[in-house]
Amino acid sequence: MLFRSVGEEQTPLAVAVEIDNSPIELDNTEIEGAGLGIEIRGPRAPEIMGNAIHDCSGVGVVVEGLVEPWLSHNSFQRNKGGALSARGGAKPVVAGNVFEKDAIDLPGVSLDSLREHNFLIDVKPVKPAHAARGGRKE
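Under this note's numbering, the first residue of the sequence shown is numbered 1, with each subsequent residue one higher.
This is the structure we're talking about:
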C-alpha cells in the first residue's frame, strides 16, 4: 500500500509526518509540497525507507535530538530548505538514498563521505550560518 501526503498551495501542510520518540517504520510514502516533510525527534529511532520526499517548501527531513534513525532507499528532490538536516546532536544513518538538487546539512559529515553510500545529483553543501548572514570570512 502506498501512502501519499500532498500539500496544496491554498492549504499547505505545516508538517506531513511527525515522529516523536517512536521506533516505527515509515515506508512507501510520497510526501509532496508540505512545509516540512518528516520531523523526527528521539531518542527512539525510526526507520525511514523507500519514500519519495519532494517539492517541500522547507526541509525534506529534519532530525532533532540524540537520535540515530535509519534512512534508506529514499529519494529527495527539489526541497527548498534542503533534503536532510540533523540538529541537536542527531546522527542519522543514511544509505542507498538519492539526493537530487537538494542541500544536505549533516554536521561533521562530508559530501564525499555521503557519496560512498548514496547517490548525490547536483547537491551543494550547506553554507555556514555566519557566511549566509554576511559575516567575516575566516
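Beta carbons are placed, not taken as given, at the ideal position from N, Cα and C, and that holds for glycine.
8 Å contact criterion, which residue i and residue j should meet: CB distance rounded
{"i": "residue 24", "j": "residue 43", "result": "Not really, about 14 Å apart at Cβ, beyond 8 Å."}
{"i": "residue 19", "j": "residue 40", "result": "5 Å"}
Chain-order list of residues whose beta-carbon lies under 6 Å from that of residue i (same chain, five-residue window excluded)
{"i": "residue 85", "result": "59, 62, 105"}
{"i": "residue 49", "result": "27, 72, 73"}
{"i": "residue 51", "result": "29, 74"}
{"i": "residue 99", "result": "76, 83, 120, 123"}
{"i": "residue 138", "result": "For residue 138, the pLDDT reaches just 38, beneath the cut-off of 50, and the residue's location in the model is therefore unreliable, although a value from the coordinates is still provided. Nothing meets the Cβ criterion."}
{"i": "residue 14", "result": "35"}
DSSP-derived helix/strand/coil call for residue i
{"i": "residue 71", "result": "strand"}
{"i": "residue 113", "result": "helix"}
{"i": "residue 85", "result": "strand"}
{"i": "residue 40", "result": "strand"}
{"i": "residue 105", "result": "strand"}
{"i": "residue 59", "result": "coil"}
{"i": "residue 122", "result": "coil"}
{"i": "residue 24", "result": "coil"}
Close beta carbons around residue i, own chain, < 8 Å, minus the five adjacent residues each side
{"i": "residue 66", "result": "42, 43, 88, 89, 90"}
{"i": "residue 125", "result": "103, 104, 111"}
Top-ranked residue by Cα proximity to residue i, from the options
{"i": "residue 33", "options": "69, 126, 21, 83", "result": "83"}
{"i": "residue 121", "options": "94, 75, 80", "result": "75"}
{"i": "residue 117", "options": "79, 101, 70", "result": "70"}
{"i": "residue 31", "options": "109, 80, 16", "result": "16"}
{"i": "residue 96", "options": "79, 115, 107, 81", "result": "115"}
{"i": "residue 81", "options": "13, 35, 21", "result": "35"}
{"i": "residue 64", "options": "38, 101, 13", "result": "38"}
{"i": "residue 55", "options": "108, 101, 109", "result": "101"}
{"i": "residue 79", "options": "57, 107, 94", "result": "57"}
is_contact[residue i, chain C] using C-beta, thresh 8 Å
{"i": "residue 89", "result": "The structure shown has no chain C; it contains just one protein chain."}
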